[in-house]
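**Student:**
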Amino acid sequence: MSESSPEKEVVVKKNFIHQIVEEEINAGKNNGLIHTRFPPEPNGYLHIGHAKSICLNFGTAQKYKGITNLRFDDTNPSKEDTEYVDSIMEDVRWLGFDWGDRLFYASDYFGKLFEFAVKLIREGKAYVDDQDAETISSQKGTPTRPGLESPCRSRSVEENLDFFMRMKNGEFNEGQCVLRAKIDMASPNMHMRDPIIYRIMKTPHHRTGDQWCIYPMYDFAHGQCDYWEGITHSICTLEFEVHRPLYDWFVDQLKDTDYRPRQIEFARLNLTYTVMSKRKLLELVKDNHVKGWDDPRMPTISGLRRRGYTPASIRNFSDRIGVTKVDGIIDVALLEHSIREDLNKNAQRVMGVLNPLKVVITNYPEGQVEHLEAVNNPENPEAGTRQVPFTREIYIERDDFMENPPKKFFRLSPGTEVRLRYAYFVTCNEVVKNENGEVVELHCTYDPQSRGGNSPDGRKVKATLHWVSVSENVKAEVRLYDRLFTDEEPDGHKDVDFKTFMNPDSLTVLENCYVEPFVKDAKALDSFQFERLGYFNLDPDSTQDGLVFNRTAQLRDTWAKMKGK
RNA sequence: UGACCCGUGGUGUAAUUGGCAACACGUCUGGUUUUGGUCCAGAAGAGUCCAGGUUCGAGCCCUGGCGGGUCAACCA
2 MSESSPEKEV
12 VVKKNFIHQI
22 VEEEINAGKN
32 NGLIHTRFPP
42 EPNGYLHIGH
52 AKSICLNFGT
62 AQKYKGITNL
72 RFDDTNPSKE
82 DTEYVDSIME
92 DVRWLGFDWG
102 DRLFYASDYF
112 GKLFEFAVKL
122 IREGKAYVDD
132 QDAETISSQK
142 GTPTRPGLES
152 PCRSRSVEEN
162 LDFFMRMKNG
172 EFNEGQCVLR
182 AKIDMASPNM
192 HMRDPIIYRI
202 MKTPHHRTGD
212 QWCIYPMYDF
222 AHGQCDYWEG
232 ITHSICTLEF
242 EVHRPLYDWF
252 VDQLKDTDYR
262 PRQIEFARLN
272 LTYTVMSKRK
282 LLELVKDNHV
292 KGWDDPRMPT
302 ISGLRRRGYT
312 PASIRNFSDR
322 IGVTKVDGII
332 DVALLEHSIR
342 EDLNKNAQRV
352 MGVLNPLKVV
362 ITNYPEGQVE
372 HLEAVNNPEN
382 PEAGTRQVPF
392 TREIYIERDD
402 FMENPPKKFF
412 RLSPGTEVRL
422 RYAYFVTCNE
432 VVKNENGEVV
442 ELHCTYDPQS
452 RGGNSPDGRK
462 VKATLHWVSV
472 SENVKAEVRL
482 YDRLFTDEEP
492 DGHKDVDFKT
502 FMNPDSLTVL
512 ENCYVEPFVK
522 DAKALDSFQF
532 ERLGYFNLDP
542 DSTQDGLVFN
552 RTAQLRDTWA
562 KMKGK
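For the record, in the first sequence the residue sitting at position 60 is 61 according to our numbering, with numbers rising by one throughout.
Printed below as a string of C-alpha cells:
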C-alpha cells in the first residue's frame, strides 16, 4: 500500500528535548552529533503510542542532522517472536522513517553483555544469589523500608565466577539462581537494591535459539547497548525515570571515555476512550475478540493503516500533541482531526450508498444511461473528473429520506425537491411501502433542465444527495469499523473490562452496498472519501475486508441526534 | 509515611528565560457552499494548584503546603 499524502514538509514543533539537544550542541557536547534509537521489544504490534516515540526519536535526529537506530530489545525470549519483528519494521517504514543499515538487536550483544557481567564479578560488583525468588523479593524491602543484604553477597569472586559459568552452562534450573549487581540494599531507590541482572531461562530465543540459557535483564542491557551503539540521547517513557540512576551506574562501570548516552524521559501517549495496554491488546487478539493485530478497530499502527489513516496524518498528530513530562490524556478528537484534515485535502471522492433505498425517476426514459461529470476532489482541481452513470432507477441513502421529517431535516421527504449530486433536481411524489408499512421505494420526477445540478431558473434546493445507479454500480460488502473505545472510563491508562470497550457496533458488515463503478477501475488509488458519509479506505491487497469505512465523530453525533428524535 | 517526576482554558501545547497568558483541538454563533463536509468570519472559556516571600513587576525565582504519577516482575 502506498502513501497517499503528498509530503508536506513537516515543521516539527520545538519541544523540551529539542531544547536539551540544542543546548548540548551549543556546548559542543559529542562534537554536535545526535544519535537516537527506537528500541521496541518485539512482543506485540506497534500502536499509536509507539508512533509518538518513533516520531520523537527519528524526528529529533532528523531535525539536528543526526541518525537513528532501530534496535529490538529482545532480552526476554518467552514473550518475543519474529512475527513482531517483521511487523515493527514494516510499521516504522510505513510511517516514513528509515534506520538505514543500523538495525540492531539486544541479542547481538549477549556475548559482550556476558563478558561485562564477568568483569563486574571480577571487580566484586556482582554476585550469584541462589536463594529463591520469594526470598530475594522479601529481602528487597519496601519503598519506605530499606532492604536486607543477601547472605550470598559475600561470596568470593572465584565462587561467583564458578557459579556464573555453571549458570551459563545450563547446570541449574530456571529460578535456581540469578546474578545480581552489588550496589546498595539501603538505597531509597528500589532499583539500586542489588538488582538482578541475569536470570536463567531455558526458552529458545527467536534469534539465538538455544545458544543461551541465561538472559540479561532490561536494566543490564539497555544502557550498555546504547553505549556500544554510540547513542547520544536515549529517549524513553516516564516510568523509566527511576531506572536512570541504575542506567548511569552500569554505563559508569563500562565507559572508558568521556562519552556517555543520556537518558531522557517523556510522557507516554494516552488517548481518551482508547485502550493502549499491550497486554490488553494481546488478549483481544489471542481470544479472538478481533481478527488480528491489524484489525481496523485496533489502535495499532497497522490497524490505523487499514482504517484509512495516512502516515502523514499520524506524523502531524504526533507533532501536534507535543512532548512533555506531563502525564496527561489526549482527546481522540485530535487524532480524528488529523486524518480528516489529510483526507479532506487528498482523498479521491466517490459516491457510495451503504443502506440503499430505491428511487424510480418516473419521467426519465427507461433503459437510458447518461454519463455525468463529477469532480474527484473538490479541494484539488488537478485530481480531475470522472464520469458517473445515471439511470432511471437509482439508490439513495435510506437516511436521506424521511416520510415525516422533523423541523430541521433538509433532505428528501414527500413533496420536497433536492439535488442529486452532479445530476438533476428531483422531487418526491410517491412513497411505496410493503405490507409491513416499510418504505421500499420512492417515485420521483426529475427536472431535465437541471442537468449537472443547477436549474436555469435559479431555484435553490436545501440539500444535495449522493446516489448510485441501480444497474450501473459495483456491489460491495462494506465493513463499518468503529474504533474500540472505553465507555465508562475515558482514560487511556486505566485497565478496563473488555465489556466496556467491546462496543457491539464496532464492526458492522453491510452486504448490500453500492459504489460507483469508477472504484473498480481505480485500483491504483488506495484512499477515497465517501461523499458526505465520511471516509473509507480501499486496500486492493486485502479485498476480503472490503471497504474500510471511518465515520467522523461529528457525523456519528449527527446520526445519534437524528436517531434520538 | 521514602525517593524521583509532574501541576497553565474542557483537552493538549506555548509564553523571546521576570514585562499584565498565545496557538491547536473541541464547543457555540453567523456567512459561503453541488452533500449537515470543506472554507471564511466571530464568540465563549484559564489569570497559570494554594499560601507566603524576593521584585517596580512572577506562569517563570525562593520557601512551605496541597494534588497527581512512578518505583517493592527472575517484564520491558
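Heads up, the beta-carbon is just placed ideally off N, CA and C, and yes, glycines get one too.
Tell me, which residues are paired with residue 358 by DSSP?
**Tutor:** Translated into positions along the first sequence, residue 358 becomes position 357. Answer is 397.
**Student:** Look at the alpha carbon of residue 103 and the alpha carbon of residue 209, and state the distance between them as a whole number of angstroms.
**Tutor:** By one-based count along the first sequence, residue 103 stands at place 102. By one-based count along the first sequence, residue 209 stands at place 208. Their backbone Cα atoms lie some 19 Å apart in a straight line.
**Student:** Select from 370, 367, 365 and 347 the residue whose C-alpha is nearest the C-alpha of residue 376.
**Tutor:** Position 375 of the first sequence, counting from 1, holds the residue named residue 376. It is 347.
**Student:** Please go through the region 318–353 and give each complete alpha helix (DSSP H) segment of 4 or more residues, from N-terminal end onward.
**Tutor:** Complete alpha helix (DSSP H) runs here, min 4: 333–347.
**Student:** Buried or exposed: where does residue 372 fall if 16 or more other Cβ atoms within 10 Å of its Cβ makes it buried?
**Tutor:** Taking the first residue of the first sequence as position 1, residue 372 is located at position 371. Exposed, because fewer than 16 other Cβ atoms sit within 10 Å of the Cβ of residue 372.
**Student:** Could you tell me which residues DSSP puts in a beta bridge with residue 433?
**Tutor:** Numbered from 1 along the first sequence, position 432 holds the residue referred to as residue 433. Looking at the DSSP assignment, residue 433 forms a beta bridge with 442.
**Student:** Helix, strand or coil: how does DSSP classify residue 34 here?
**Tutor:** By 1-based counting over the first sequence, the position of residue 34 is 33. Residue 34 falls in the coil class under three-state DSSP.
**Student:** Is residue 226 helix, strand or coil when you go by DSSP?
**Tutor:** Start at 1 with the first residue of the first sequence, and residue 226 comes out as number 225. Looking at residue 226 - three-state DSSP - the assignment turns out to be helix.
**Student:** What number of angstroms, rounded off, separates the C-alpha of residue 215 from the C-alpha of residue 201?
**Tutor:** Numbered from 1 along the first sequence, position 214 holds the residue referred to as residue 215. Numbered from 1 along the first sequence, position 200 holds the residue referred to as residue 201. Cα-Cα distance, rounded: 4 Å.
**Student:** Does the distance from the CB of residue 297 to the CB of residue 305 come in under 9 Å?
**Tutor:** One-based indexing of the first sequence puts residue 297 at position 296. One-based indexing of the first sequence puts residue 305 at position 304. Closer than 9 Å, so yes.
**Student:** Can you give me the start and stop residues for the beta strand (DSSP E) that residue 599 sits inside?
**Tutor:** The question about residue 599 has no answer here: the residues shown for the chain are numbered 2 through 566.
**Student:** Ends of the alpha helix (DSSP H) at residue 117?
**Tutor:** On the first sequence, residue 117 is found 116 positions in, with the first residue counted as 1. Residues 111–123.
**Student:** Below 8 Å on the Cβ atoms is my contact criterion, and I expect residue 316 with residue 153 to pass it. Report the Cβ-Cβ distance as a whole number of Å.
**Tutor:** On the first sequence, position 315 is the one that residue 316 refers to. On the first sequence, position 152 is the one that residue 153 refers to. Wrong, their Cβ atoms sit about 51 Å apart, outside the cutoff.
**Student:** Would you report the Cα separation of residue 38 and residue 255, rounded to the nearest angstrom?
**Tutor:** As a first step, residue 38 is located in the first sequence; it is residue number 37 there, counting from the start. As a first step, residue 255 is located in the first sequence; it is residue number 254 there, counting from the start. In a straight line, the C-alpha of residue 38 is about 20 Å away from that of residue 255.
**Student:** Between the region 74–86 and the region 131–148, can you find at least three pairs of beta-carbon atoms closer than 8 Å?
**Tutor:** The region 131–148, when compared against the region 74–86, does not touch it at the 8 Å Cβ threshold.
**Student:** Any heavy atom of the ligand FMN closer than 8 Å to the beta-carbon of residue 79?
**Tutor:** The ligand FMN is not among the ligands present in this structure, which contains no ligands whatsoever.
**Student:** Does the Cβ-Cβ distance between residue 269 and residue 301 come in under 9 Å?
**Tutor:** The residue labelled residue 269 in the question sits at position 268 within the first sequence. The residue labelled residue 301 in the question sits at position 300 within the first sequence. Taking 9 Å as the Cβ cut-off, residue 269 and residue 301 do not qualify as a contacting pair.
**Student:** For residue 193, count neighbouring C-beta atoms within 10 Å of its own C-beta (all shown protein chains included) and say buried if the count is 16 or more, exposed if not.
**Tutor:** Within the first sequence, residue 193 is the residue found at index 192, counting from 1. Its Cβ being crowded by 16 or more others within 10 Å, residue 193 is buried.
**Student:** Any chance the region 460–472 sits against the region 437–444, with 3 or more Cβ pairs inside 8 Å?
**Tutor:** At 8 Å Cβ cutoff, the stretches do not touch.
**Student:** Taking the beta strand (DSSP E) that residue 367 belongs to, which residues open and close that run?
**Tutor:** Counting from one through the first sequence, the residue named residue 367 turns up at place 366. Element bounds for residue 367: n/a, residue is neither H nor E.
**Student:** Comparing C-alpha positions only, which one of 409, 452 and 410 sits nearest to residue 427?
**Tutor:** Position 426 of the first sequence, counting from 1, holds the residue named residue 427. Looking at the Cα atoms, 452 is the closest of the given residues.
**Student:** Between which two residues does the alpha helix (DSSP H) containing residue 302 stretch?
**Tutor:** Taking the first residue of the first sequence as position 1, residue 302 is located at position 301. It spans 302–308 - the alpha helix (DSSP H) in which residue 302 sits, taken as one unbroken run.
**Student:** Can you have a look at residue 166 and say buried or exposed, based on whether 16 or more other CB atoms are within 10 angstroms of its CB?
**Tutor:** Along the first sequence, one-based indexing puts residue 166 at 165. By the neighbour-count rule (16 or more Cβ atoms within 10 Å), residue 166 is not buried but exposed.
**Student:** I'd like to confirm the pairing. Which residues does DSSP put opposite residue 286 in its beta bridges?
**Tutor:** Sequence index remark: in the first sequence, residue 286 carries index 285 (1-based). Answer is none; residue 286 lacks a bridge partner.
**Student:** Could you give the distance in angstroms between the alpha-carbon of residue 399 and the alpha-carbon of residue 345?
**Tutor:** Looking up residue 399 in the first sequence gives position 398. Looking up residue 345 in the first sequence gives position 344. Straight-line Cα distance between these residues: approximately 24 Å.
**Student:** Helix, strand or coil: which one does DSSP assign to residue 472?
**Tutor:** If you number the first sequence from 1, residue 472 lands on position 471. The answer is coil: DSSP assigns residue 472 none of H, G, I, E or B.
**Student:** Out of 99, 122, 288 and 221, state which residue places its alpha-carbon closest to the alpha-carbon of residue 59.
**Tutor:** Against the first sequence, residue 59 aligns to sequence position 58. Residue 99 is the option with its Cα nearest to residue 59.
**Student:** Are the region 357–365 and the region 315–334 touching, with three or more C-beta to C-beta distances below 8 Å?
**Tutor:** With the cut-off at 8 Å, the region 357–365 and the region 315–334 do not touch.
**Student:** How long is the line joining the alpha carbons of residue 525 and residue 349, rounded to whole angstroms?
**Tutor:** Locating residue 525 in the first sequence gives position 524, counting from the first residue. Locating residue 349 in the first sequence gives position 348, counting from the first residue. Note on residue 525: pLDDT 41, under 50, position unreliable in the model; no value is reported.
**Student:** Find the nearest neighbour of residue 386 within the set 351, 46 and 22, judged by alpha-carbon distance.
**Tutor:** Within the first sequence, residue 386 is the residue found at index 385, counting from 1. Checked all of 351, 46 and 22; the closest Cα to residue 386 is 351.
**Student:** Can the beta-carbon of residue 233 be found closer than 9 Å to that of residue 36?
**Tutor:** Residue 233 sits at position 232 when you count from the first residue of the first sequence. Residue 36 sits at position 35 when you count from the first residue of the first sequence. A contact, by the Cβ cut-off of 9 Å.
**Student:** Name the residue from 258, 207 and 265 whose alpha carbon lies nearest to the alpha carbon of residue 248.
**Tutor:** Within the first sequence, numbered from 1, the residue matching residue 248 stands at position 247. Minimum Cα distance to residue 248 is reached at 265.
**Student:** Classify residue 388 as helix, strand or coil using the three-state DSSP reduction.
**Tutor:** For the purposes of this step, residue 388 is taken as residue 387 along the first sequence, with counting starting at 1. Strand, per DSSP.
**Student:** Would you give the residue range spanned by the beta strand (DSSP E) that residue 72 belongs to?
**Tutor:** Within the first sequence, numbered from 1, the residue matching residue 72 stands at position 71. Run containing residue 72: 68–73, per the beta strand (DSSP E) assignment.
**Student:** Nearest to residue 608 by alpha carbon, out of 404, 409 and 288?
**Tutor:** Nothing about residue 608 can be read from this structure; the chain reaches only from 2 to 566.
**Student:** Quick one: grab the DSSP three-state call for residue 175.
**Tutor:** In the first sequence, counting from the first residue as 1, residue 175 sits at position 174. Looking at residue 175 - three-state DSSP - the assignment turns out to be coil, as it is neither helix nor strand.
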